[in-house]
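K.L.:
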Amino acid sequence: MGKKKFRPPKGFRDFPPDIMLLRKEVLSRIERVFQRYGFDPIETPILEYWEVMAGKYGEEAENKLMWRFKDPWSDRWYALRYDLTVPLARYLATHSETPLPFRRYHIGPVWRHEDPQRGRYREFYQCDVDIVGSPYPEADAEIINVIDSVMKEFNFSNYVIRLSDRRILKAILEIELGLKDSIPIYRAIDKLDKIGLNGVKGLLLKSGLSPDDVGKIIDIISIEGSNEEVLNTIESKYGSSKLVKESLTHLRGILEFVEDESHIKIDLSLVRGLDYYTGPIHETVVSKPKIGSLSGGGRYDDLLEMFLGKKVPATGGSIGVERLIDAGIELGVFKLSKKTITQVYVVVMNEECMRYALDVVKALRNAGINTSFDVTRSKEEKQRKYAKKLNIPILIFIGDKEVSNNTVTIYVRERNERLEVKKESLIKEVKKHIP
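Under the working numbering, the first residue of the sequence shown carries the number 27, and numbering increases by one thereafter.
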């Protein structure tokens, strides 16, 4: 009988140190961008009562994708958080004293019972920013500014922030086609990137729409041109609708207030799958690799009313860390060159030198230098091989000679250079060579 293989559940992953070090760096830099724009952190539980989550995301999400379970010690149903937006709404209902506008960020894991594939996992991190309490385009522009700044922070260049407004398509469907329930149409269009234009046509025809109506919908979502040309085309064709006019004014306001319009594209084929979006929506994609959206978001002016009993406008965006990193690695934006956080490894030649070595280790750590040493009493060669495997940049050798002379021998890997220095000069010398 073969050896039993142990692995994480389907759609879940382990992260070895090299990946984890990259993830922590990416998350830290994203957080610094959020803070630079004046957003404050919150945290919510990974679990919410089922009734908090139910009725907020749409039928497909709640029936197929949400992890829920019954507490074996009570009759309460719970759900793992599906995103960080509905928990924000619940948070504000719990903490009703929160002053508005509320600029919050939240970084943490969420869970969805997805079919695992490239760029799609059952556990993944989201980095969210939201502004609660403003109905104005300045707030939407601020969210887009943050996302754009994150992409620039990591030197992505081949990205597009797609921007639309769900109210435009809704109004056009009602004016042109007399359709009152636009949600099934949104869901079909939302699959455009996965199944292509013909696939969307097929879904729309299956929903009972006539070929003529389907053709009109395809024409609407295929409008091309510069941002102003697209907005002008929509206005000339459908400007008689008050809702369309309001939406176009809001979109023009967003474009006016963003810091940089160069990566933004008005795209009516963008609908976003979640039911709680009520107005402007956006997502970030890269031309390659084809990995799905790296961020998504929009305005959800009705969601908070479900919890607060009054209408409170809100807008936000969410960056998917897994896709950002996966795309970045493939594009060469991120490199997995760092295998350990250790900057200095102390090679102890024999047991008699250990006390002296520990004094050196303590001095290095007190100076803020990440330091490790051998705890297995291995031979010198084995210690050197271990440090080389982890690509630790600096080694310090301590043997009988160093103890007798009150010195240390420093090896700098990048230069393949050894030097013996007095113990009191250790910190100054090591800091010269830390990458």
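Built from N, CA and C at the ideal position, the CB exists for glycine as well.
(1) Span of the beta strand (DSSP E) holding ILE307?
(2) Once the 5 residues before and after TYR117 are set aside, which same chain residues still bring their CB inside 7 Å of it?
(3) Between ALA167 and GLY279, is the Cβ-Cβ spacing less than 9 Å?
(4) Under DSSP, the alpha helix (DSSP H) around THR111 begins and ends at which residues?
(5) If LEU320 and ILE292 are in contact, beta carbons under 8 Å, what's the gap, nearest whole angstrom?
(6) Hey, could you find the ends of the alpha helix (DSSP H) GLN409 is sitting in?
(7) Hey, MET177 and HIS276: beta-carbon distance below 9 Å or not?
(8) With distance defined between alpha-carbon atoms, name the residue in GLU202, SER100, GLU149, ILE307 nearest to ASP245.
(9) MET27 by DSSP, collapsed to three states: which one?
(10) Could you check if SER160 is buried or exposed, using at least 16 other CB atoms within 10 Å of its CB as the buried criterion?
(11) Could you pull out every residue in the same chain whose Cβ sits closer than 8 Å to the Cβ of MET332, ignoring the five residues on either side in sequence?
(12) Could you check the C-alpha separation between GLU348 and ALA87 for me, to the nearest Å?
(13) Can you list, in chain order, the stretches of the alpha helix (DSSP H) that have 4 or more residues and sit fully within the stretch 181-235?
(14) How would you label TRP137, buried or exposed, when you count the other beta carbons within 10 angstroms and need 16 or more for buried?
(15) Exposed or buried, what is ILE170 when buried is set at 16 or more other beta-carbons lying within 10 Å of its beta-carbon?
(16) From the DSSP output, in three-state form, read off TRP19 for me.
(17) Given this structure, state the Cα-to-Cα distance separating TYR437 from GLY394, to the nearest angstrom.
(18) Looking at C-alpha atoms only, which residue of THR310, ARG33, ASN417, LYS449 is the closest neighbour of LYS4?
(19) When the distance is taken between beta carbons, is ASP154 closer than 9 Å to ALA340?
(20) Just to confirm, is the Cβ distance from VAL373 to ILE453 under 9 Å?
(21) Sort LYS227, ARG410, PHE38 by Cα distance to ASP141 and report the nearest one.
(22) Are VAL311 and ARG188 touching if we call contact CB-CB under 9 Å?
(23) Write down the C-beta distance between LEU294 and LEU274 rounded to the nearest angstrom, noting that I regard them as a contact closer than 8 Å.
(24) Could you give the DSSP three-state label for GLN152: helix, strand or coil?
(25) Taking 7 Å as the limit between beta carbons, can you name the residues of its chain near ASP239, skipping five residues before and five after?
(26) Taking the alpha-carbon of THR111 as reference, which of ILE56, GLY358, VAL401, LEU330 has the nearest alpha-carbon?
(27) Using 9 Å as the limit for Cβ to Cβ distance, is SER266 near chain D?
(28) Between the C-alpha atoms of VAL359 and GLU285, what's the straight-line distance to the nearest angstrom?
(29) Spatial neighbours of ASN184 within its chain, please: CB distance less than 8 Å, with the 5 preceding and 5 following residues excluded, ordered by chain position.
(30) Is it buried or exposed for ILE460, if we count other Cβ within 10 angstroms and need 16 for buried?
(31) Kindly indicate which residue of PRO135, ASP97, LYS30, MET79 has the alpha-carbon position closest to the one of LEU53.
(32) Of the residues GLY322, LYS361, GLY64, GLU250, which one's Cα is nearest the Cα of LEU48?
(33) Please say whether SER404 and ILE418 have beta carbons closer to each other than 9 Å?
(34) To the nearest angstrom, report how far apart VAL386 and VAL456 are at their CA atoms.
(35) Which stretch, first to last residue, makes up the beta strand (DSSP E) that contains HIS132?
(36) Below 8 Å on the Cβ atoms is my guess for GLY318 versus ARG213; work out the distance and round it to an integer in Å.
P.N.:
On the basis of the coordinates in this document:
(1) By 1-based counting over the sequence shown, the position of residue 307 is 281. That run of the beta strand (DSSP E) goes 306-312.
(2) Walking along the sequence shown from the start, residue 117 turns up at place 91. Excluding residues within five positions, the ones whose Cβ falls inside 7 Å are ILE68, THR70.
(3) If you number the sequence shown from 1, residue 167 lands on position 141. If you number the sequence shown from 1, residue 279 lands on position 253. Going by C-beta atoms, ALA167 is nearer than 9 Å to GLY279.
(4) What you label residue 111 is simply residue 85 of the sequence shown in a count that begins at 1. That run of the alpha helix (DSSP H) goes 111-120.
(5) For this step, residue 320 is matched to residue 294 along the sequence shown. For this step, residue 292 is matched to residue 266 along the sequence shown. Actually they do not touch by this definition, with Cβ atoms about 19 Å apart.
(6) Reading the sequence shown from its first residue, position 383 is the one you call residue 409. Where GLN409 is concerned, the enclosing alpha helix (DSSP H) stretches over 406-415.
(7) Position 151 of the sequence shown, counted from the start, is the residue given in the question as residue 177. Position 250 of the sequence shown, counted from the start, is the residue given in the question as residue 276. No.
(8) Taking the sequence shown and counting its residues from 1, the one referred to as residue 245 is at position 219. With respect to the C-alpha of ASP245, the residue from GLU202, SER100, GLU149, ILE307 having the closest C-alpha is GLU202.
(9) As a first step, residue 27 is located in the sequence shown; it is residue number 1 there, counting from the start. In this prediction, MET27 has a pLDDT of 48, which is less than 50 and means its spatial position is unreliable; what the coordinates show is noted afterwards. Residue state, collapsed to three classes: coil.
(10) On the sequence shown, residue 160 is found 134 positions in, with the first residue counted as 1. Buried, since its Cβ has 16 or more Cβ neighbours within 10 Å.
(11) If you number the sequence shown from 1, residue 332 lands on position 306. The answer, listed in chain order, is GLY81, LYS82, ALA115.
(12) Numbered from its first residue, the sequence shown carries residue 348 at position 322. Numbered from its first residue, the sequence shown carries residue 87 at position 61. C-alpha of GLU348 to C-alpha of ALA87: approximately 20 Å in a straight line.
(13) 192-198, 209-215, 218-232
(14) In the sequence shown, counting from the first residue as 1, residue 137 sits at position 111. Buried, since its Cβ has 16 or more Cβ neighbours within 10 Å.
(15) Within the sequence shown, numbered from 1, the residue matching residue 170 stands at position 144. Result: buried.
(16) Only positions 27 to 461 of the chain appear in this structure, which leaves residue 19 out of reach.
(17) Mapped onto the sequence shown, residue 437 falls at position 411. Mapped onto the sequence shown, residue 394 falls at position 368. Taking the straight line joining both Cα atoms gives about 19 Å.
(18) What the structure shows of the chain is the stretch from 27 to 461, and residue 4 is not part of that stretch, so it cannot be assessed.
(19) By one-based count along the sequence shown, residue 340 stands at place 314. By one-based count along the sequence shown, residue 154 stands at place 128. Contact flag unset, no.
(20) As a first step, residue 373 must be located in the sequence shown, where it is residue number 347. As a first step, residue 453 must be located in the sequence shown, where it is residue number 427. Not closer than 9 Å, so no.
(21) Residue 141 sits at position 115 when you count from the first residue of the sequence shown. Among LYS227, ARG410, PHE38, the Cα nearest to that of ASP141 is on PHE38.
(22) Counting from 1 along the sequence shown, the entry for residue 311 is found at position 285. Counting from 1 along the sequence shown, the entry for residue 188 is found at position 162. Cβ distance < 9 Å, so VAL311 and ARG188 count as in contact.
(23) What you label residue 294 is simply residue 268 of the sequence shown in a count that begins at 1. What you label residue 274 is simply residue 248 of the sequence shown in a count that begins at 1. Contact flag wrong, Cβ pair sits at about 12 Å.
(24) If you number the sequence shown from 1, residue 152 lands on position 126. GLN152 falls in the strand class under three-state DSSP.
(25) Taking the first residue of the sequence shown as position 1, residue 239 is located at position 213. Taken in chain order, the residues that qualify are LEU203.
(26) Locating residue 111 in the sequence shown gives position 85, counting from the first residue. Among ILE56, GLY358, VAL401, LEU330, the Cα nearest to that of THR111 belongs to LEU330.
(27) Of the chains in the structure shown, none is chain D; there is only one protein chain.
(28) Position 333 of the sequence shown, counting from 1, holds the residue named residue 359. Position 259 of the sequence shown, counting from 1, holds the residue named residue 285. C-alpha separation (whole angstroms): 23 Å.
(29) Within the sequence shown, the letter at position 158 stands for residue 184. Closer than 8 Å at Cβ, skipping near neighbours: VAL312, SER313, LYS314, LEU357.
(30) One-based indexing of the sequence shown puts residue 460 at position 434. Classification of ILE460: exposed, given that the 10 Å Cβ count is below 16.
(31) Residue mapping note: residue 53 aligns to position 27 of the sequence shown, counting from 1. Of all alpha-carbon atoms in PRO135, ASP97, LYS30, MET79, the one lying nearest the alpha-carbon of LEU53 is that of PRO135.
(32) The count along the sequence shown starts at 1 and reaches residue 48 at position 22. Here the closest residue by C-alpha is LYS361.
(33) Taking the first residue of the sequence shown as 1, we reach residue 418 at position 392. Taking the first residue of the sequence shown as 1, we reach residue 404 at position 378. No. Outside cutoff.
(34) For the purposes of this step, residue 386 is taken as the residue at position 360 of the sequence shown. For the purposes of this step, residue 456 is taken as the residue at position 430 of the sequence shown. Distance between the alpha carbons of VAL386 and VAL456 is about 12 Å.
(35) Numbered from its first residue, the sequence shown carries residue 132 at position 106. Taken as a continuous stretch (DSSP letters only), the beta strand (DSSP E) holding HIS132 covers 128-137.
(36) The residue given as residue 318 occupies position 292 in the sequence shown. The residue given as residue 213 occupies position 187 in the sequence shown. The pair is not a contact, with the Cβ atoms about 16 Å apart (cut-off 8 Å).
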